[in-house]
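Residue numbers (full-length UniProt numbering): 1 to 395.
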């Protein structure tokens, strides 16, 4: 008769099977997945083919999606996100902002460095509250989607120093700056702009791909709209904080490359408390150079692309709404080194976080990720070429 006494397993032998499975996943070099390649644009496909780190990330992401605990986890998150915002939501974003500065040893948006700020997608108010509390002399304006259109109510309020408006930033993004009414003059009044609007669809899984047809155009319109609003409002030498995504879709790569030409430096930050296991991160642009943006006609280009995307029918495709000029080979040659150096460290951070979620016996992720303030293209005095026509195809 078999004994029912539990068998003792020494500590060094525990989780061995899980760790061995983990090692085989992380240390292997996954083959190129033809299914993934079909839905990628040309730049995304090139990065996938040439970056082992990106293939490993997608490999472990696919394993994570098949894990039975994953759907339960994201179902709970969707329920939580669908509820009215609470102090918990607000404090989560406050901790993320603190982590951005403390882990990167920088002081960009605290210690009274900010005088006037704009927070797009401000509800429930965590970022705005942190900035108000850490900059005693500053005043701010928040813009957030009306609750009757699916937006959140604000939890934070600071009468006399901060006010918020319920607006859809995609309606008339270039005119939002003049609706404040507090500051006088025609020049941009904000030395900090936060573009934190996030697309949410109740029909689509929270951890779904960004390129699903049901939300692809909406995501792009929102991304371009809030960027146009932010840059319309941002003063010279101001700071931009943009909620971004580490999945290198072409329209996001284009924005990254364009911003590298009109900011003195870019700082990608992936805080542990908010985005460590997800594809989101914060892209911080330091010292905005509007004369370079004007030379590239960046704001005009964003307006043209937005107008095109809003009017296009269901047959639209990414190559009909591009910001950069050139053939695929030219863009790949010009920008691949910069894009890989920007993204690969964050791909590794997300991969390690998913690894720890799947295999808890692995080393715990202690911190997020942040670059030192740098921009490897800032010494290049050039203007990024733009397409001559919205209907131009790749030449």
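All residues carry an ideal CB built from backbone N, CA and C; glycine is no exception.
Per-residue burial, residue i [other beta carbons within 10 Å of its own, 16 or more giving buried]
i	result
residue 66	exposed
residue 285	buried
residue 120	buried
residue 233	buried
residue 205	For residue 205, the predicted structure reports a pLDDT of 42, less than 50, and the residue's modelled location is therefore unreliable. The matter cannot be settled from this model.
residue 237	exposed
residue 274	buried
residue 57	buried
residue 339	buried
residue 32	exposed
residue 290	buried
Coil, strand or helix - residue i by DSSP
i	result
residue 333	helix
residue 216	helix
residue 241	strand
residue 285	strand
residue 154	coil
residue 280	strand
residue 163	strand
residue 132	helix
residue 272	helix
residue 234	strand
residue 249	coil
residue 346	helix
residue 296	coil
residue 359	coil
residue 211	Because the pLDDT at residue 211 is just 49, under 50, the model does not fix this residue reliably, and the point stays unresolved.
residue 190	strand
residue 255	helix
residue 115	coil
residue 304	helix
residue 311	helix
residue 43	helix
residue 126	helix
Under 7 Å between C-beta atoms of residue i and residue j
i	j	result
residue 187	residue 228	no
residue 112	residue 135	yes
residue 347	residue 54	yes
residue 99	residue 271	yes
residue 166	residue 142	no
residue 276	residue 353	yes
residue 351	residue 131	no
residue 331	residue 324	yes
residue 281	residue 249	no
residue 150	residue 144	no
residue 217	residue 251	no
Bridge-paired residues (DSSP) for residue i
i	result
residue 138	DSSP lists no partner for residue 138.
residue 265	286
residue 195	120, 242
residue 143	120, 165
residue 97	In DSSP, residue 97 forms no bridge with anything.
8 Å contact criterion, which residue i and residue j should meet: CB distance rounded
i	j	result
residue 117	residue 97	Incorrect: roughly 12 Å between the Cβ atoms, too far for contact.
residue 114	residue 138	5 Å
residue 302	residue 242	At roughly 13 Å, the Cβ-Cβ gap does not stay under 8 Å, so residue 302 and residue 242 are not in contact.
residue 254	residue 322	7 Å
residue 40	residue 328	The pair is not a contact, with the Cβ atoms about 12 Å apart (cut-off 8 Å).
residue 225	residue 169	5 Å
residue 191	residue 235	5 Å
residue 154	residue 122	7 Å
residue 292	residue 257	Contact flag wrong, Cβ pair sits at about 13 Å.
residue 156	residue 200	With a Cβ gap of about 20 Å, residue 156 and residue 200 do not count as contacting.
residue 222	residue 197	6 Å
Any non-hydrogen atom of the ligand NAP closer than 6 Å to residue i Cβ
i	result
residue 115	With respect to the ligand NAP, the structure shown offers nothing to examine, as it has no ligands at all.
Any chain B beta carbon closer than 7 Å to residue i
i	result
residue 273	In summary, chain B is missing from the structure at hand, where a single protein chain is found.
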